[in-house]
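Worksheet for the structure shown next.
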Amino acid sequence: MSTKRAAAGAALLAAALPCTAAAQTFTGQRPTPQPADFAPALLDRCTAATCIARLTAPQLLAEVEKLVTAGRFAEAQPMVAALEQVPALRFEVRFLSGFIAAQLGDHQRAIGYYKEILADDPNQTRVRVELARSMLAMGRPQSADRQFRMAQQDADLPPEVARTIRTVRDIIRQNRAWRLDLNVGFAPDTNINNATSFDSITILWGGLIPIDLALDENARARSGLGQTATISAGVRLPVGEGVAMITDLDATGANYTGSLYDDYQVQLAAGGEVRLSGTLRATLQALGAQRWFAGDVASRQAGAKAGLQLGIGDRQRIGLQIDGRRTDALFDRGYDGWQLGGYASYERAITRSIVASVGVFGRRDWLNVDAYSNKEYGASLGLGGELPLGFNAGISGTVSRATYDAPMYMFAWDPRRDMRYTGRVTLGNRKLAWQGFSPEVTVAYSRNDSSIRYFANDRLRMRIGLARYF
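Structure follows, in structure tokens:
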């Protein structure tokens, strides 16, 4: 984002926000100052060379607000420092310290104060907007946009401020060049090979005679500890009014002792985005993907995906996506074929910092072997956002049903039927940070109840790591 654009966005916000340093939210937690509050400051009423005054903490706070309202930030700064010794005014002092630092050009210091406030109380919308302003001034449009988006979730946001935030977010999106998210850590896993936990299965010898077959240790679930990494990156280049070229890269990897169960995946998508209206956007991208397992290329995919995203006010969003791709399965040509999927999601902000989501999906695989071809449909629920004390939390779950086109006569005369369940809980803390990375713990459980015992499994994974969002 250019310096000129950033300055324009900051200027828009400065014009829309009240020019008071009072630590108030947009929801009226503190009253908006009245004209009487702007009486001459004590410093202006002092005519002697040296003046001595006895003020209570609230009176001194009022004097600071008068000076800041008048733009006399340097004079207000030592008074704010004096108020740091008053625990009851901790919120006001931190807000004032950040506000003054920002006005004096020390945006990095201001960001620190604002983050401290939001870590304790993520519902402070005014503080979140000021944080976004400082991030914008620091040339961090991606981070600023995230804060503006969360501020928009406040149902009590004044209309003029809401309009200004939408305008600034439009400027950010039109000029945003890139994004990058990183997550690295360790992952204890009860089933690194995603296999059944049964010691034996029943097969049909000759398709008729049932025989119990013992499974060796490589065919049964094995636990392990691995190192994991996730990268999500994107580039967006405006090419015209409401039109942009977009490229997305997503990569994940899990490394275990040896290479037998190492699993790496990468997907690259490139195409365009068209803004159809102020609330509706459409995307179309070609994509390619590759997976490595046990040190060898397991599969390659090529295809395309298209999506629509509709904003409903500032608190709701609907998304639709269609994804079609051709799979080249190097480990087993029976899995070569086509895959088509459709996805729909609905998101709603239920508080100023918590978002709930619901989704449905359907997928169809047409593969070389009918017994591998299948269709799956399901639904998901999610809830997540920022909590007090600096915590981020999220919880989600998915349930789906998969049915296969033809029997695997080695196992049964009836086609395979699966019920699949997944659940995930994530907890992080943004107050604890090292080089921009914050700790994050994720626990995920998956279960597949299959009509064929060999494919039934469950898996519990934990990821303990560090995450950073640029």
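Residues -21 to -1, 1 to 449 (mature numbering (1 follows the signal peptide of the UniProt record, and there is no 0)) are what the sequence shown spells out, left to right. No residue lacks a Cβ here, since even glycine has one placed at the ideal position from N, Cα and C.
query = Name the DSSP beta bridge partners of Lys284, please?
reply = DSSP lists Gln264 and Asp302 as partners of Lys284.
Q. Nearest to Pro189 by CA position, among Ile210, Trp392, Val348 and Pro217, is which residue?
A. Trp392
field: Own chain, CB closer than 6 Å to Gln126, minus 5 neighbours either side, in chain order
entry: Arg107, Leu110 and Ala111
- Task: Could you say which of Glu139, Asp160 and Arg73 lies nearest to Ile90 if we only look at CA atoms?
- Result: With distances taken between Cα atoms, Ile90 lies closest to Arg73.
Close beta carbons around Ala80, own chain, < 6 Å, minus the five adjacent residues each side:
Arg88 and Ala89
Is the distance from the Cβ of Gly232 to the Cβ of Ala208 below 8 Å?
yes
Requested in this report: Helix, strand or coil for Gln103, going by three-state DSSP, please let me know.
Outcome: coil
For Asp349, which residues in the same chain have their Cβ closer than 6 Å to its Cβ, ignoring the five residues on either side in sequence? Asp384 and Ala385
Practice prompt. Count the other CB atoms, across all protein chains shown, that sit within 10 Å of the CB of Asp168; report buried if there are 16 or more and exposed otherwise.
Written response: Under the 10 Å beta carbon count, Asp168 is surrounded by 16 or more other beta carbons and is classified as buried.
- request: Tell me whether Leu445 sits in a helix, a strand or coil according to DSSP, three-state version.
  value: strand
Q) Near Ser429, which residues of its chain fall below 6 Å by C-beta distance, leaving aside the five closest residues on each side in sequence? A) These residues qualify, in order along the chain: Asp397 and Ala435.
Open item on the list: What would DSSP say about Asn173, mapped onto helix, strand or coil?
Closed with: coil
Lys354 - partner residues in DSSP beta bridges: Arg343 and Thr382
For Ile210 and Phe52, I'd like the C-alpha separation in whole angstroms.
Approximately 42 Å between the Cα atoms of the pair.
Practice task
Could you tell me the distance, in whole angstroms, from the CA atom of Ile171 to the CA atom of Gly376?
Solution key: Rounded to whole angstroms, Ile171 to Gly376 spans 21 Å at the Cα level.
> Can you find at least 3 beta carbon pairs, one from the stretch 258 to 268 and one from the stretch 283 to 299, that sit closer than 8 Å?
Replying inline: Remark: three or more beta-carbon pairs, one from each stretch, lie closer than 8 Å, so the stretch 258 to 268 and the stretch 283 to 299 are flagged as touching.
Do you know whose CA, among Arg254, Pro217 and Leu204, lies nearest Gly237's CA? Leu204
- Contacting residues, own chain, Cβ-Cβ under 6 Å from Pro101 (five flanking each side not counted): Ser332 and Glu365
Please tell me whether residue 450 and Ile225 are closer than 8 Å, where the distance is taken between their beta carbons. No answer is possible for residue 450: the residues shown for the chain start at -21 and end at 449.
In the DSSP assignment, find the alpha helix (DSSP H) that holds Ala130 and state where it starts and stops.
-> Pro120 to Gln131
Check: Any Cβ of chain D within less than 8 Å of the Cβ of Leu39?
Finding: Checking the listed chains, one finds no chain D in this structure; it contains a single protein chain.
Checklist entry - Would Leu40 be called buried (16 or more neighbouring beta carbons within 10 Å of its own) or exposed? => result buried
query: Just checking, does the stretch 183 to 199 make contact with the stretch 149 to 164 on the three C-beta pairs under 8 Å criterion?
result: no
DSSP bridge partner residues for Leu40 (one or two, in chain order): Answer by DSSP bridge pairing: none, since Leu40 is not bridged.
Worksheet item: Per DSSP, which one or two residues make a beta bridge with Asn408?
Response: Phe370
Between the C-alpha atoms of Arg447 and Trp413, what's the straight-line distance to the nearest angstrom? 10 Å
(Q) Assuming contact is defined by CB atoms lying nearer than 8 Å, are Ala174 and Ala212 in contact in what I supplied? (A) It is not a contact, given that the beta carbons lie outside the stated cut-off.
### Query
Quick one: what's Trp317 bridged to in DSSP?
Arg305 and Trp345
Three-state secondary structure (DSSP) at Pro137? coil
**OP:** Report the rounded CA-to-CA distance for Ala323 versus Ser336, giving the unit in angstroms.
**Re:** 11 Å
- Query: Is the beta carbon of Phe390 sitting closer than 8 Å to the one on Tyr356?
  - Reply: no
Pairwise C-alpha distance: Tyr325 and Met117: 33 Å
(message) So, under 8 Å CB-CB, Ala283 and Leu266 are touching, yes? Tell me the CB distance rounded to an integer number of Å.
(response) Sure, about 6 Å apart at Cβ, within 8 Å.
Whose C-alpha, out of Gly303, Ser379 and Asn347, is nearest the C-alpha of Val339? Ser379
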